[in-house]
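Chains A and B, in that order, give the protein sequences.
Letter 96 of the first sequence, counting from 1, is numbered 96 in our numbering, and no numbers are missing.
Letter 93 of the second sequence, counting from 1, is numbered 93 in our numbering, and no numbers are missing.
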Amino acid sequence: MSEKSPLLELENVSKDFGNVRALQNVSTKVVAGQVTCVLGDNGAGKSTFIKIISGLHKPSGGKYKFEGHEVAFESPREARALGIATVYQDLAMAPLMSVWRNFFLGSEPVRRFGPINLLDTKFARKTAKEEMAKLGIDVRDIDQPVGTLSGGERQSVAIARAVYFGARVLILDEPTSALGVRQSDLVLGYVRAAAARDLGVILITHNPQHALPVGDRFLILNRGQSVGQFEKADLSYERLIELMSGRVHAA
Amino acid sequence: MSEVDGLTPTKTGDERITYRGPIKRLLVSPEIGALIGAVVVWAFFWGNGDKFGTAGSTANFLDVAAPLGIMAVTVALLMIGGEFDLSAGVMTGASGVTIALMAKYFTDGGISLWICIPAAFLLAGCVGWWNGFLVNRTGLPSFIVTLGSFFVIKGANLVFSKRINSLVNVSDVDKAHGYGFFKAVLGGENKFGDMKYRDVIFLVGGLLFAALMILGFMEQALVRRAQRSNTHFLLALVGVAAAIFGVLTLHRTDSVNGNTLAGVVGLIGTVVAIVFYARARFDSREKVVGSLPVASKKFLGLGLLGVLVASFSGQLFDRNEERVMLQWMPLWMRFVVAIAAGALPLVITIRSFMRGDVERRGRVIASLIVRLPIICLVSLTGIVSLFQLTTVQAVRAVLITVAGVGAATCFYQARRAAGKSSTKWFINIGVLMTVAFVFVAFTLRADSSAPRFRGGIFTSLLLASALALATTLVEASHRSRTKADEAADQLGRRMVLLGVVIGAIALSVRLLLSDGVFRMSVFWWMFFTAVGAFVLTKTKYGNWIFAVGGNKDAARATGVPADKVKTALFMATSLMGAFVGAMILMRLNSVQAQQGDGQEFEYIIAAVVGGNLMTGGYGSVVGASLGALIMAVSKNGIPAAQWNQDGRFIFLGAVLLVAVLVNNYVRKKANEQR
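See below:
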């Protein structure tokens with residue numbers, strides 16, 4: 001697996017906001033089919049980090065490479081066009097709209113009917129259901145409002161949506177933060193399922209218990225600086241906790 | 001799951017295979033409350049005053065209500081998009097004033113309407129764009145922004161019409177060039193002499209609607225048989241033939257006996273057709289015999305009581321319609337009674353509060369805070385409106401409506417309770433219900449003084465009892481489906497949809513040509529409702545509107561141009577205001593500068609009554625249109641029933657509250673079942 005060339009690579013990236021150094025010299029890589037976990041306590045710079053990857057911020061220094069080419073995104077739309085999809089905490093969903101309407105929100109399938117563009121509801125319903133089944137999610141009713149789903153199910157809709165719309169790198173911002181134990185397990189299962197479909201996944205979390213079982217590579221941030229980057233084999237739970245809390249520096 | 005409890009989908013087993021029946025799915029749609037409300041309010045006033053519901057008065061009030069209906073459509077879209085437009089009302093006035101002033105004063109002979117009307121649209125477009133721009137740019141609530149626009153436009157209307165025309169009323173636009181064309185397009189009335197086709201279309205359309213609805217519901221609710229039973233199918237065809245024969249004969253004969261015979265043949269034919277069609281196509285249920293549950297018995301008793309009240313309410317009062325009721329009661333006593341009635345729920349709640357334990361008290365307080373003002377208001381409204389009932393006929397209509405609907409509900413509950421244990425009793429209750437309603441129908445027919453009321457209630461009760469009988473027989477003898485079956489569901493959905501379309505066309509033809517005059521205003525109302533509903537549910541723009549109102553950040557994050565959608569909605573509202581303004585101007589040939597002032601709240605009320613959520617993200621255009629219809633019906637029905645005209649505001653307030661409560665309740669219940 002590690003022989004694969006990385007999809008996305010960051011080299012010594014930093015970001016300043018005026019005189020605030022939000023991020024300094026952080027490097028990581030994302031490989032297709034693997035999960036890269038970004039760990040850190042509150043204020044460690046995780047949010048700045050994903051905003052750089054998703055194209056919302058331009059890095060102040062360092063290199064951002066996508067498939068070996070250096071890129072500089074002007075807007076999140078450009079990043080999305082390359083297949084870098086972000087699932088934010090609020091999931092970008094309208095709770096009163098049905099699952100399939102949310103699934104295709106912003107990229108609705110249309111069927112030409114003379115001069116009129118019709119919404120292809122049949123295709124949308126069928127595809128939404130199928131795509132979610134591929135990740136192992138069985139929605140009871142594709143017409144039910146997203147607001148009636150459980151937190152984990154809602155996450156899964158967002159993940160399935162990103163996968164369907166051609167994401168190659170999937171950024172998940174704290175997907176388990178508001179969930180209970182069972183729901184978190186479910187979502188982590190979907191994360192693995194997404195990686196198994198040859199996507200590079202970046203999982204942002206502050207919970208080492210969630211990160212350790214699914215991650216292949218771990219980037220640990222503390223106060224805007226990289227504490228280090230580790231492969232799964234090099235890391236134990238205790239060591240991870242120590243590193244995150246900032247008590248021990250990387251050897 | 002065993003065969004025994006197959007009548008209603010039960011909640012045992014895996015939750016995932018719980019199947020939502022067609023009725024429940026229908027109940028989640030936002031317009032359902034408005035639909036029920038429209039039918040009830042219509043029926044209420046129709047039974048109440050002889051002047052309501054005649055062809056002429058229907059046409060008139062639809063004509064008057066069209067501006068409200070058209071505006072409700074676009075205001076609903078805007079509301080689903082999460083915003084309000086308080087300037088929508090005065091926009092209609094501004095457009096009228098602009099057109100009229102330009103047409104009369106700008107040059108010597110005035111300007112052609114071909115220039116004035118586009119100019120008014122341009123102005124409206126700019127106002128809408130400005131509203132949208134400000135809301136997007138400043139992030140201020142649209143309530144504030146459009147309130148500003150409202151005052152500015154209101155002032156401008158007055159200033160310009162006074163300064164240029166020296167009056168607040170600009171009239172005589174008809175000399176302007178192009179008046180003929182625009183009058184015909186916007187406010188035209190075209191006579192259609194022959195009413196025969198109108199009635200044929202209405203009748204056939206109505207029958208097709210009913211048939212397709214029943215077939216569609218059966219398709220979605222029952223389990224298909226392995227093989228079609230041809231004997232049963234033939235019998236069903238015989239039933240259809242009998243029904244058609246009955247209807248045709250009814251159309252031709254004039255004698256009482258002939259009519260009765262034809263009616264009976266037609267009804268029996270309908271029941272036979274439905275029952276045997278179900279037999280031919282769907283799997284039957286093994287017979288289950290058991291005793292009748294207590295709940296079922298209670299409801300049966302209540303239902304019979306309701307039937308008795310309904311039957312004898314006609315005979316309680318003498319036939320003199322002109323007699324004014326309640327004159328003997330002095331005014332102060334009416335107030336005392338009204339206040340006592342309003343306070344009654346309060347007393348009951350407080351008593352139940354005093355009795356309960358601590359935990360119960362908490363719950364009671366919570367429900368008290370939410371419900372008390374509403375309960376008091378509704379009961380006060382009910383009592384006050386009772387005092388507005390001044391004719392015997394009105395009291396009778398109220399009594400019959402309440403008792404009849406109550407009885408029907410009780411019978412239905414009894415049926416449901418019986419369905420869980422006993423097929424035999426289920427059928428018996430259905431038959432009993434039918435007989436009871438036929439009895440009511442005949443009593444009323446014999447003893448009401450208003451011929452139309454008598455005939456109408458009679459017919460609808462007979463039809464309702466035939467349908468009740470048919471559905472009871474079908475439900476009792478067939479297994480209901482508990483699992484989803486994509487193909488059958490889709491077929492059923494299509495049938496229902498086709499039925500709704502045919503029914504809507506038939507009803508539209510009937511309303512459009514109610515007195516043989518085709519009114520453009522009513523046409524535009526229907527047209528914009530159809531377009532709005534289409535855009536909202538069948539295009540991607542509709543999806544965007546829902547999303548922008550439901551979660552604007554989400555919409556933006558997924559690539560929906562949220563600001564553009566909002567601006568477009570504001571512009572659509574203002575443009576529609578201009579359209580309505582031009583329409584009213586063409587019809588009246590004059591415009592008041594204050595026209596539309598205060599109407600914006602009526603638009604919003606119509607949209608809310610129609611099931612649109614004030615916070616956005618949920619709603620229906622058809623619902624808003626129905627909401628406007630409810631308001632129009634009550635505005636027209638109250639004077640027709642000879643009530644105090646000012647009472648319509650009380651009525652409107654109660655309708656608003658009740659509609660919203662029913663909408664919320666139904667939606668909550670339906671979603672719980674998922």
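Ideal placement from N, C-alpha and C gives every residue a C-beta, glycine not left out.
Residue i burial status per 10 Å Cβ neighbour count (16 or more: buried)
i	result
B:V307	buried
B:N664	exposed
B:L432	buried
Separation of residue j from residue i, as counted between CA atoms
i	j	result
A:S245	B:C126	58 Å
B:V264	B:S255	14 Å
B:I638	B:K154	30 Å
B:R323	B:G647	Because B:R323 carries a pLDDT of 48, less than 50, the predicted location of this residue cannot be relied on, and no value is offered for it.
A:Q34	A:Q89	21 Å
B:T58	B:F52	7 Å
B:M576	B:I70	8 Å
B:F106	B:V97	13 Å
B:G581	B:L86	16 Å
B:A547	A:P145	12 Å
B:S313	B:I457	14 Å
A:S5	B:A568	47 Å
A:S285	A:D120	Missing from the structure shown is residue 285 of chain A; chain A here goes from 1 to 251 and no further.
B:Y179	A:M93	50 Å
B:Y412	A:E131	42 Å
B:T54	B:V152	42 Å
A:R223	A:Q24	9 Å
B:E321	B:A414	Low per-residue confidence applies at B:E321: pLDDT is 49, beneath 50, and the placement is therefore not dependable, though the value from the model is reported in the following sentence. The straight-line gap from Cα to Cα measures roughly 37 Å.
B:G598	B:L399	35 Å
B:I201	A:L149	45 Å
A:A194	A:G43	28 Å
Continuous alpha helix (DSSP H) stretch holding residue i: start and end
i	result
B:L64	Checking the displayed sequence, the identity of residue 64 of chain B turns out to be Val instead of Leu. Its alpha helix (DSSP H) spans residues 55-80.
B:T270	256-281
B:A176	Here B:A176 belongs to no alpha helix (DSSP H), and DSSP marks it neither H nor E.
B:F133	113-138
A:R77	76-81
B:R163	142-165
Extent of the continuous beta strand (DSSP E) to which residue i belongs
i	result
B:K191	189-191
A:A22	20-30
A:Q155	Taken as a continuous stretch (DSSP letters only), A:Q155 belongs to no beta strand (DSSP E), being part of the alpha helix (DSSP H) at 151-164.
A:V38	35-40
B:Q490	Careful: B:Q490 lies outside any beta strand (DSSP E), inside the alpha helix (DSSP H) at 486-512.
Beta-carbon spacing of residue i, residue j below 9 Å
i	j	result
B:Y603	B:V75	yes
A:V71	A:F49	no
A:Y190	A:Q225	no
A:V157	A:V214	no
B:E189	B:V438	no
A:L235	A:T36	no
A:L271	A:I159	Since the displayed chain A opens at 1 and closes at 251, residue 271 of chain A lies outside it and no answer follows.
B:L68	B:S95	no
Any C-beta of chain B under 9 Å from that of residue i
i	result
A:F104	yes
A:E108	yes
A:Y88	yes
A:L118	yes
A:T48	no
A:P95	yes
Within-9 Å CB hit, residue i to chain D
i	result
A:A92	The structure shown contains no chain D; the protein chains it does contain are A and B.
Min CB distance residue i to chain A below 9 Å
i	result
B:G617	yes
B:G266	no
B:K566	no
B:K538	yes
B:L613	yes
B:D553	yes
B:N543	yes
B:Y665	no
Proximity test, residue i beta-carbon vs the ligand FAD heavy atom, cut-off 8 Å
i	result
A:P213	As far as ligands go, the structure on display features none, and thus does not contain the ligand FAD.
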